[in-house]
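Numbered per this note's numbering, the sequence shown spans residues 6 to 132.
C-beta atoms are modelled at their ideal positions from N, C-alpha and C, and glycine is treated no differently.
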Amino acid sequence: MDDTLSRTIDLFQVNQIICLEHQNTCLYGEVIQLIPQRQLCWFRPICLSKINFEHDSTLENAQLIDLQSGSDLLWPITLFRPALDTEIIYLLAELNNYGESLNPKKANRQYLNNFVRQVWQANQERF
């Protein structure tokens, strides 16, 4: 295992909240299992946060998409970063406040599918 990958994997642990950023969207999820031999992370999506930088780049003004009832994903560990406490506290509080009323579940799955496709197209060499 190369040194960079080893340092990346050392950043993560099971149950930790991680973030995958792409363009103006962040996918937050919980680490279920790390698979260092394959350089993969099995994670459970929590939410997508879409930020409109034209108006305001703060989480408070982001569009929040609840993914808690969605499918788990198996992705390259190098695409992720640890989520910051300040991000997670706000997002979990917002998800709790809105409950089921954020978006219909089918629409949420479509947002996730589109995001997955965009990230895959931009990072094909890592898959």
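**Item:** Distance CB(residue 40)-CB(residue 73) smaller than 8 Å
**Value:** What you label residue 40 is simply residue 35 of the sequence shown in a count that begins at 1. What you label residue 73 is simply residue 68 of the sequence shown in a count that begins at 1. No, Cβ-Cβ distance for residue 40 and residue 73 is not below 8 Å.
**Asked** Whose C-beta lies closer than 8 Å to the C-beta of residue 20 among residues of the same chain, with five residues either side of it excluded?
**Response** As a working mapping, residue 20 is identified with position 15 in the sequence shown. For residue 20, where only same-chain residues beyond five positions count, the Cβ hits under 8 Å are 35, 36.
**residue 82 and residue 14 closer than 8 Å at C-beta** = Taking the first residue of the sequence shown as position 1, residue 82 is located at position 77. Taking the first residue of the sequence shown as position 1, residue 14 is located at position 9. Between residue 82 and residue 14, the gap from beta carbon to beta carbon is short of 8 Å.
**Asked** Quick one: what's got a C-beta closer than 6 Å to residue 49's C-beta in the same chain, skipping five residues either side?
**Response** Translated into positions along the sequence shown, residue 49 becomes position 44. Within the same chain, and ignoring the five residues on either side of residue 49 in sequence, the residues whose Cβ sits closer than 6 Å to its Cβ are 34, 35, 37, 77.
**Request:** Grab the span of the alpha helix (DSSP H) containing residue 120 for me, first residue to last.
**Result:** Translated into positions along the sequence shown, residue 120 becomes position 115. Taken as a continuous stretch (DSSP letters only), the alpha helix (DSSP H) holding residue 120 covers 110 to 127.
**Asked** What is the DSSP secondary structure of residue 68, counted as helix, strand or coil?
**Response** Position 63 of the sequence shown, counted from the start, is the residue given in the question as residue 68. In the structure shown, residue 68 sits in a strand (DSSP, three-state: E or B).
**Asked** Does the beta-carbon distance from residue 125 to residue 79 come in below 8 Å?
**Response** The count along the sequence shown starts at 1 and reaches residue 125 at position 120. The count along the sequence shown starts at 1 and reaches residue 79 at position 74. Annotated as distal: residue 125 and residue 79, with beta-carbon spacing of 8 Å or more.
**Asked** Leaving out the 5 sequence neighbours to the left and right, which residues in its chain are closer than 6 Å to residue 68 when beta-carbon positions are compared?
**Response** Taking the sequence shown and counting its residues from 1, the one referred to as residue 68 is at position 63. Spatial neighbours of residue 68 in its own chain (CB-CB distance under 6 Å, excluding positions within 5 residues in sequence) are listed in chain order as 55.
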